[in-house]
Structures are given as structure tokens and as C-alpha cells.
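*Asks:* Okay, handing you the structure first.
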Amino acid sequence: MGLRFIFMLTRNDRTVDDAAKHLETALSLGVRHIGFKDIGLPVGDLKALNATIQASGATSYLEVVSLDRDSEVVSAKAAVDIGINILLGGTRVDDVLPVLKGTGIEYYPFPGRIVGHPSVLEGSVEEIAASARDLASRDGVHGLDLLAYRSPLPDIPGLIAAVCKAAGKPVIVAGSIADKDRIALVRQAGATGFTIGTAALDGEYPANGIELETQLAAIVRDVANLNGHLSPFGKKGLDTAFASFTETWSPRIAGQVNDMQIKLAKFEGDFTWHFHEREDELFLVHRGRLLMRFRDREEVVEEGEFIVVPHGVEHCPVALTETCEVVLLEPATTINTGTAEDARKVEDLATV
Ligand code: NI
């Protein structure tokens, strides 16, 4: 699974007034993880946000704001009341766990000592990692919410890596992430996800514009890129691809699907009788007519039709038209002449 981007509908530790509109924008861009706080909007509005998030198949998060015991319990109860999926933050694990028990809500408390407002994460790497280990060992704690960039320590990626190792459970890095380099560091350090709220709402993320839509699209793109989820391939037109070469009986590689290659070949006259020991072959006629001879029968394959030749079956393709353009789908190991020795054997295929 790739790094998770959690969009927080919050600014200065409050859910923003126009959260519903921003939520719509985020969902339309395919953001799958969306959070808010239990401060800033009436609970009825938060319930509506939560329902919209979950109805779209996304995961909802509520982040605990306050660090005093009473308001932390209030937040946990609000999480249950609203029906969110994941509760982020807070340090009073002994008080919160009984509230969440049996609700199915996942809980990611803060490791380390959190002080002040805005929060600062205090302590050495060893102390924070020890806290992470202790919290993560608890039943009902599913992961941790690390305020990594709120720590004055010099090596934040090192801190994240130490916490991930100590916890052995998912670690989300919250706060002060506003560019791709930092997201990359968080990912390399082994975190499961990160949150961005204010930076996107205020147009601070490096993008082509400051509107939320542009900001979120840039984050989604950068995360997909870091996760290796961007396709390097563009579409390919068969007419153009076939027009790019003239040699017959000389397949070109046009694409790859796992171990299978899509090859383009121009047939002319008779090929040679052969079979393949292991590879099945698909022949899809793009232009012209193809005759597929078998030892017991033959098939005429018209434009737009295809035929599959299983491995082990002897076959001999014949172009019935001057040339016949054929799309082949077969394993990359397939040699065009199979086990037969023929001058038209091609081993190093060019690419179109
Ligand atoms: Ni063959």
C-alpha cells in the first residue's frame, strides 16, 4: 500500500466553516482520507461531513485538539457519536480506550510529551520511541499520530524512522508538511500517512494556483508519483503504430501487461509451420484477412476478429491479403517461429 494523504478540513485547530464545500472538492479529486476536528462546527454538521465521507467510500478521521483530560474524553465521545473511522491524537490513552471499546473506531494517539499550543513535541528520540513502543503495545491502539515536525530535534526523518521501528504499527505524521520534499522524507522514513490541512486551504503547497482544487490536485499527483502510481504510458493508436514500420514477419513490441507483450506484426504470404512449447498466442486482425492453418482444419480470421492458439498446437499463419496487420498478445518469452528453425526467426524485437 502506498503512503496515505489525509486531508484535514481544519485551520488553526478548528474545522473550517466551509468544510462541506471543501469536502466536495476533495472527494471529486479522489482524496480517500479526510479528517476534521470536533471544534469549529456544530456536531450535526460534523455528522453530515462524516456521512458524506463514508458514503463515498473514503475514510473519516477526527483529530483530538485539546490536551486536558476532560476535553480529550469529550472528543473521544464525539468521535463515537459522529461515527468516524479513525481517532487521531491525544495522549490520555487510559481514559480514551474505554470510550472507544467495542465501537470499531481505530485509535492513533500521540507518542511523546506534547506541550503548549500550538503543540510542541518534547523529548529525545529515545524517549519518544519508548513512548511509541509502550502505546503501540496496548490493545485498542491501532497506530500512532506523530507530531514529528513539531519537535525541535535536528533529525526529523530519523525520529520518524525510530518511532515506526519502535511502534511496529502504522504511523501517521501530522502537522507542518507543505511540500513534496517533506512528503518524500516522511515516506522514506517508513510512515503510513501524513496530514495536510492549513497549507492546502491557504494555498501554500507548491502548485499552479492557490485554489483548493489546484492545491489538492498537486498533492494527490505528488503522492501518486512517490507511490509509483503514475503510469508512464500514453495511449497508442494502432493505425499510427502499424504505419511506423514496413517489414513483414518482424513483430514490434507495442506494450507490456505483466509478463505478456502486445506485439504488432505485418504478415505477407505463408509463414512457417511451428508450435510453442509453453506460450499461448492471441492473433487479433487489425487490417486484412488472416488464414490460420492447423493440422486438422483452418480458420479465416477477419478484420476485428481474433483467434487464440494454445501452446503445443501446430499452426501456420497465412496472409490472405497483400499484407495483414495483426496484434499479438503473448508472453515476452515467445519466439515467433516457436521450436521451428526458420530464417524469419526474430529474437531481438524493436519497439514501436
Ligand atoms: Ni506461433
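Under the working numbering, read the sequence shown as residues 639 to 990, first letter to last. Don't be surprised by glycine CBs; every beta carbon is placed ideally from N, CA and C.
1. Which residues mark the beginning and the end of the alpha helix (DSSP H) in which Ala658 is found?
2. Under 7 Å Cβ to Cβ from Thr697, same chain only, skipping five residues before and after it: list those, please.
3. Tell me whether Val947, by its Cβ, gets closer than 7 Å to a heavy atom of ligand 1.
4. Just mark His755 as buried or exposed, buried being the case when its beta carbon has 16 or more other beta carbons within 10 Å.
5. Starting from the Cα of Asp819, find the closest Cα among Gly781, Lys739, His953 and Asn863 and give me that residue.
6. Roughly how many angstroms lie between the CA atoms of Pro747 and Gln899, to the nearest whole one?
7. So what does DSSP say about Val951, is it helix, strand or coil?
8. Does the beta carbon of Gly907 fall short of 7 Å from some heavy atom of ligand 1?
9. Phe1031 to Gly893, Cα distance in whole Å?
10. Cβ of Glu915 versus every heavy atom of ligand 1: is any distance shorter than 7 Å?
11. Output the boundary residues of the alpha helix (DSSP H) element that contains Ser997.
12. If contacts are defined as beta-carbon pairs under 8 Å, then Asp918 and Ala970 qualify, I think. What distance do you get, rounded to the angstrom?
13. So who's on the other strand from Pro969, going by DSSP bridges?
14. Where does Asp877 land, buried or exposed, given buried means 16+ other C-beta within 10 angstroms?
15. Roughly how many whole angstroms lie between the Cα atoms of Leu665 and Ile810?
16. Three-state secondary structure (DSSP) at Val858?
17. Looking at C-alpha atoms only, which residue of His949, Phe909, Glu941 and Thr961 is the closest neighbour of Ala981?
18. Using the rule of at least 16 other Cβ atoms within 10 Å of the residue's Cβ for burial, across every protein chain shown, is Asp934 buried or exposed?
19. DSSP puts Tyr745 in a beta bridge; with which residues?
20. According to DSSP, which residues form a beta bridge with Ser698?
21. Ligand 1 heavy atoms versus the CB of Glu919: any closer than 7 Å?
22. Can you check whether the CB of Lys803 is closer than 8 Å to the CB of Leu782?
23. Please state whether DSSP places Leu588 in a helix, a strand or coil.
24. Here's a check: name, in chain order, each residue in its chain whose Cβ is nearer than 6 Å to the Cβ of Ala829, leaving out the five neighbours to either side.
25. Buried or exposed: which applies to Lys904, given that a residue is buried once 16 or more other Cβ atoms fall within 10 Å of its Cβ?
26. Since Phe643 and Val779 should fall inside the 8 Å C-beta cutoff, what is the C-beta to C-beta distance between them, to a whole number of angstroms?
27. Measuring only from the beta carbon, is Gly976 closer than 7 Å to any heavy atom that is part of ligand 1?
28. Which same chain residues, not among the five before or five after Ala822, have their C-beta less than 8 Å away from its C-beta?
29. According to the neighbour-count rule (16 or more other Cβ atoms, all chains shown, within 10 Å of its Cβ), is Gln853 buried or exposed?
30. State yes or no: is the C-beta of His780 nearer than 7 Å to some heavy atom of ligand 1?
31. Shorter than 7 Å, the distance from the beta carbon of His912 to the closest heavy atom of ligand 1, or not?
32. What does a CB cutoff of less than 8 Å around Arg916 pick up in its chain, not counting 5 residues either side in sequence?
33. Hey, Asp676 and Leu700 are a contact pair by Cβ (cut 8 Å); roughly how many whole angstroms apart?
34. Tell me whether His953, by its Cβ, gets closer than 7 Å to a heavy atom of ligand 1.
35. From this set, Ser762, Leu773, Asp986 and Ser775, which residue's C-alpha is nearest Ala786's C-alpha?
36. Have a look at Glu940 and Glu906 and give me their C-alpha separation to the nearest angstrom.
*Replies:* Taking the definition as stated:
1. The count along the sequence shown starts at 1 and reaches residue 658 at position 20. Ala657 to Ser666 is the extent of the alpha helix (DSSP H) around Ala658.
2. Here residue 697 refers to the residue found at position 59 when the sequence shown is read from its first residue. These residues qualify, in order along the chain: Arg670, His671, Asn723 and Ile724.
3. Here residue 947 refers to the residue found at position 309 of the sequence shown. Result yes, Cβ under 7 Å from ligand 1.
4. Start at 1 with the first residue of the sequence shown, and residue 755 comes out as number 117. By the neighbour-count rule (16 or more Cβ atoms within 10 Å), His755 is not buried but exposed.
5. As a first step, residue 819 must be located in the sequence shown, where it is residue number 181. Out of Gly781, Lys739, His953 and Asn863, Asn863 has the C-alpha closest to the C-alpha of Asp819.
6. Stepping through the sequence shown from its first residue, residue 747 is reached at position 109. Stepping through the sequence shown from its first residue, residue 899 is reached at position 261. Cα to Cα, Pro747 sits roughly 48 Å from Gln899.
7. Within the sequence shown, residue 951 is the residue found at index 313, counting from 1. In the structure shown, Val951 sits in coil (DSSP, three-state: anything other than H, G, I, E or B).
8. For this step, residue 907 is matched to residue 269 along the sequence shown. False, no ligand heavy atom lies under 7 Å from that Cβ.
9. Because the chain in this structure spans residues 639 to 990, residue 1031 falls outside the shown range and cannot be described.
10. For this step, residue 915 is matched to residue 277 along the sequence shown. Checking the Cβ of Glu915 against ligand 1 gives no.
11. The question about residue 997 has no answer here: the residues shown for the chain are numbered 639 through 990.
12. Within the sequence shown, numbered from 1, the residue matching residue 918 stands at position 280. Within the sequence shown, numbered from 1, the residue matching residue 970 stands at position 332. With a Cβ gap of about 13 Å, Asp918 and Ala970 do not count as contacting.
13. Residue numbering aside, residue 969 sits at position 331 when the sequence shown is read from its first letter. Answer by DSSP bridge pairing, in chain order: Met898.
14. Working through the sequence shown from its first residue, we reach residue 877 at position 239. So Asp877 counts as exposed.
15. For the purposes of this step, residue 665 is taken as residue 27 along the sequence shown, with counting starting at 1. For the purposes of this step, residue 810 is taken as residue 172 along the sequence shown, with counting starting at 1. Their backbone Cα atoms lie some 21 Å apart in a straight line.
16. As a position in the sequence shown, residue 858 is number 220, starting the count at 1. Three-state result, Val858: helix.
17. Taking the first residue of the sequence shown as 1, we reach residue 981 at position 343. It is Phe909 whose Cα lies nearest to the Cα of Ala981.
18. In the sequence shown, counting from the first residue as 1, residue 934 sits at position 296. It counts as exposed.
19. Reading the sequence shown from its first residue, position 107 is the one you call residue 745. Paired residues: Leu725.
20. In the sequence shown, counting from the first residue as 1, residue 698 sits at position 60. According to DSSP, Ser698 bridges with Ile672.
21. Taking the sequence shown and counting its residues from 1, one reaches residue 919 at position 281. Glu919 Cβ: within cutoff of ligand 1.
22. The sequence position of residue 782 within the sequence shown is 144, counting from 1. The sequence position of residue 803 within the sequence shown is 165, counting from 1. Not a contact, by the Cβ cut-off of 8 Å.
23. Any answer about residue 588 is impossible in this case: the structure gives the chain only from 639 up to 990.
24. Residue 829 sits at position 191 when you count from the first residue of the sequence shown. Correct list, in chain order: Ile798, Val809 and Val811.
25. As a working note, residue 904 is residue 266 in the sequence shown. Buried, by the Cβ-count rule.
26. Counting from 1 along the sequence shown, the entry for residue 643 is found at position 5. Counting from 1 along the sequence shown, the entry for residue 779 is found at position 141. Contact doesn't hold; Cβ gap of about 22 Å is too wide.
27. By 1-based counting over the sequence shown, the position of residue 976 is 338. Gly976 Cβ: within cutoff of ligand 1.
28. As a first step, residue 822 must be located in the sequence shown, where it is residue number 184. If we look at Ala822 and ignore the five residues flanking it on each side, its Cβ neighbours are Leu864.
29. For the purposes of this step, residue 853 is identified with residue 215 of the sequence shown, where counting begins at 1. Buried, by the Cβ-count rule.
30. Here residue 780 refers to the residue found at position 142 of the sequence shown. Not under cutoff, so the answer is no.
31. Position 274 of the sequence shown holds residue 912. Flag set: Cβ of His912 near ligand 1.
32. Taking the sequence shown and counting its residues from 1, one reaches residue 916 at position 278. His949, Pro969 and Thr971, listed in sequence order.
33. As a working note, residue 676 is residue 38 in the sequence shown. As a working note, residue 700 is residue 62 in the sequence shown. 6 Å between Cβ atoms; contact.
34. Residue mapping note: residue 953 aligns to position 315 of the sequence shown, counting from 1. Yes, the Cβ of His953 comes within 7 Å of a heavy atom of ligand 1.
35. In the sequence shown, the residue the question calls residue 786 occupies position 148. For Ala786, the nearest C-alpha among the options comes from Ser762.
36. Position 302 of the sequence shown, counting from 1, holds the residue named residue 940. Position 268 of the sequence shown, counting from 1, holds the residue named residue 906. Whole-angstrom Cα-Cα distance: 15 Å.
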